[in-house]
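A short worksheet on the structure shown next.
In this note's numbering, the protein residues as written are 165 to 556.
So, in C-alpha cells, the structure goes:
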C-alpha cells in the first residue's frame with residue numbers, strides 16, 4: 165500500500181499572505197515582517213486515518229502528519245507529549261472536567277512540544293546557533309533540545325526570572341543572560357543579537373515552528389476523548405502560542421470530519437497583566453501594551469504579546485471567553501490542586517485552575533459541560549510560591 169505523502173507544503177504570511185516554499189530558516193515574513201504560519205495540504209492529510217494513530221507511541225510525534233516536517237523526518241525528541249488527560253477532585257460540582265497534565269513533559273512544561281518541533285526543523289535547515297527570549301520555561305526546553313541536536317543556544321531572560329529555571333537552562337547547556345526589564349526587553353535584546361550575529365531567533369512567534377508543536381495538545385485531547393472535542397478548553401495566556409496552535413488543530417480536525425464540533429476557548433490572565441483579556445472583552449482588534457505588569461505568574465507577564473491579533477482572532481472564531489484572576493486566587497488554586505489531586509503546578513498554570521470557580525459561579529460553564537483545563541507547567545521549579553502562601 166502506498167504511504168500517504170507528508171502534507172506540509174511551506175509557510176504563509178498571516179499579514180500579506182505571501183507563500184514561501186520553505187527551503188531556508190525563515191523567521192518573520194521577509195516582505196512585510198508579518199508573522200508566518202505553516203501550511204498543510206489538507207487533501208494529502210485526508211489520506212491519513214484515525215486508525216493509523218491507534219498505536220502505543222506516547223509522544224506527540226505520532227501526529228507527524230500534522231506537523232511542518234518533511235517525510236522521513238527523524239525528530240529531536242525526549243518523548244514529549246503523550247501526556248495524560250486525567251480526572252480531578254478539585255471541582256466536585258463539575259462532572260466532566262479533566263486536566264491535560266503537561267507537567268509530565270521532559271522539562272516539566274508544555275514548552276517541550278514547541279521546542280522539540282522547532283529544533284527538529286531548524287536542525288534540518290542546518291541552523292547551528294539560535295537565540296530566544298524566555299521567562300524561563302522555554303529557555304529550559306530549548307536548552308535541552310538544542311544540545312541534543314548540537315545547536316548552540318543563548319537564552320535571554322528578564323531580570324526577575326526564576327533562579328531554578330536559569331540554573332536548569334545553564335545545566336542543560338545553554339548560555340544564559342539576564343536583561344534588565346521585562347520579557348519584552350529581553351525579546352528586543354535577542355532580536356538585536358540575532359541581527360548582529362546571524363543566529364536564528366527562536367523567540368515566541370518570531371519562529372513559525374513552535375505553535376504547531378503545542379497544537380498537538382488538541383490532537384491528543386480529541387483522541388483521548390474518543391475523537392470528540394470538549395465543550396471548553398481553559399487555557400492560561402501569556403504569549404498565546406498554545407492557544408493559537410490548539411485552535412488551528414481543532415479547526416483542521418473539524419474540516420477533516422474527525423470531530424463533530426469545535427470547543428470554545430477560555431483565555432485566562434492575571435489581574436496584574438491582562439492585555440489580551442482587556443482587548444477581547446472591549447472588542448478591540450489589537451492588543452495594547454500593559455503598563456507596569458505585576459504578577460506572581462511570571463510566564464503570563466507578557467505586556468504585549470507579539471501575536472496579539474492572531475490570539476484575538478482565534479478567541480473570536482471559537483466564540484471564546486476571557487477573564488482575569490488575582491494572584492491570591494492563583495495561590496489558592498495552586499494549593500488546592502496540590503492537596504486534592506497531587507498535582508503540583510506553577511503559578512502561570514494555576515491561573516487556569518483559579519478561573520474554574522469563577523466560570524461556574526457566573527454561568528460561564530455548567531455542571532454537565534465537558535471541560536479540559538491545560539496544566540501547562542510543573543510547580544517543582546517554583547516551590548517558593550507554596551512557602552509564601554503557607555506563611556500568609
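Backbone N, C-alpha and C fix where the C-beta goes; we use that ideal spot for every residue, glycine too.
Could you give the distance in angstroms between the alpha-carbon of residue i and the alpha-carbon of residue j?
| i | j | result |
| --- | --- | --- |
| residue 309 | residue 427 | 31 Å |
| residue 337 | residue 301 | 14 Å |
| residue 134 | residue 261 | Because the chain spans 165 through 556 in this model, residue 134 falls outside it and cannot be assessed. |
| residue 416 | residue 231 | 12 Å |
| residue 165 | residue 454 | In this prediction, residue 165 scores a pLDDT of 44, lower than 50, which makes its location untrustworthy; no coordinate-derived value is stated. |
| residue 366 | residue 548 | 29 Å |
| residue 423 | residue 511 | 32 Å |
| residue 400 | residue 375 | 15 Å |
| residue 542 | residue 386 | 23 Å |
| residue 488 | residue 446 | 14 Å |
| residue 439 | residue 405 | 15 Å |
| residue 349 | residue 519 | 29 Å |
| residue 170 | residue 250 | 32 Å |
| residue 227 | residue 307 | 24 Å |
| residue 524 | residue 330 | 37 Å |
| residue 353 | residue 256 | 46 Å |
| residue 508 | residue 502 | 5 Å |
| residue 239 | residue 355 | 27 Å |
Mind checking whether residue i and residue j have CB atoms under 8 Å apart?
| i | j | result |
| --- | --- | --- |
| residue 305 | residue 328 | no |
| residue 379 | residue 345 | no |
| residue 334 | residue 340 | yes |
| residue 244 | residue 276 | yes |
| residue 248 | residue 265 | yes |
| residue 315 | residue 283 | yes |
| residue 303 | residue 321 | yes |
| residue 351 | residue 313 | no |
| residue 402 | residue 463 | yes |
| residue 225 | residue 241 | yes |
| residue 482 | residue 411 | yes |
| residue 258 | residue 531 | yes |
| residue 252 | residue 505 | yes |
In three-state DSSP terms, what is residue i?
| i | result |
| --- | --- |
| residue 468 | coil |
| residue 423 | coil |
| residue 542 | strand |
| residue 298 | coil |
| residue 376 | helix |
| residue 409 | helix |
| residue 262 | strand |
| residue 170 | coil |
| residue 473 | helix |
| residue 534 | strand |
| residue 324 | coil |
| residue 255 | coil |
| residue 250 | strand |
| residue 160 | In the structure displayed, the chain extends from 165 to 556; residue 160 sits before or after that span and is not available. |
| residue 179 | coil |
| residue 547 | coil |
| residue 184 | strand |
| residue 511 | helix |
| residue 212 | coil |
| residue 165 | Confidence at residue 165 is low in this model, with a pLDDT of 44, below 50, so its placement is unreliable and the value that follows should be read with caution. DSSP places residue 165 in coil when its eight states are reduced to three. |
| residue 197 | coil |
| residue 529 | coil |
| residue 434 | strand |
Using 8 Å for Cβ pairs, my map puts residue i next to residue j. What's the rounded Cβ distance?
| i | j | result |
| --- | --- | --- |
| residue 357 | residue 295 | 5 Å |
| residue 434 | residue 494 | 7 Å |
| residue 535 | residue 394 | 6 Å |
| residue 326 | residue 545 | 6 Å |
| residue 209 | residue 176 | Rounded, the Cβ-Cβ distance is 16 Å, inconsistent with contact. |
| residue 127 | residue 540 | A question about residue 127 goes unanswered here, because the residues of the chain that appear run from 165 up to 556. |
| residue 498 | residue 514 | 4 Å |
| residue 473 | residue 449 | 7 Å |
What residues in its chain sit with their C-beta under 6 Å from that of residue i, if we drop five residues either side in the sequence?
| i | result |
| --- | --- |
| residue 555 | Only weak support is given to the placement of residue 555: the predicted model assigns it a pLDDT of 41, under 50, and the value that follows is read from those uncertain coordinates. None. |
| residue 222 | 246 |
| residue 413 | 379, 382, 383 |
| residue 268 | 247 |
| residue 235 | 170 |
| residue 418 | 426 |
Among residues of its own chain, excluding the 5 on either side of residue i, which ones have a beta-carbon nearer than 7 Å to its beta-carbon?
| i | result |
| --- | --- |
| residue 174 | 183, 184, 185, 186, 203 |
| residue 189 | 286, 289, 291, 364 |
| residue 479 | 429, 431, 444, 486 |
| residue 198 | 177, 178, 179, 180, 192 |
| residue 459 | 434, 436, 437, 465, 491 |
| residue 391 | 214, 422, 423 |
| residue 533 | 260, 395, 396 |
In its own chain, which residues sit with a C-beta less than 8 Å from the C-beta of residue i, not counting the 5 before and 5 after it?
| i | result |
| --- | --- |
| residue 311 | 317, 336, 337, 338 |
| residue 500 | 254, 517 |
| residue 195 | 177, 180, 182 |
| residue 407 | 399, 401, 429, 431, 475, 478, 479 |
Taking 7 Å as the cut-off, is the C-beta of residue i nearer than that to any heavy atom in the ligand NAP?
| i | result |
| --- | --- |
| residue 438 | By its list of ligands, the structure shown contains no ligand whatsoever, and the ligand NAP lies outside what it can speak to. |
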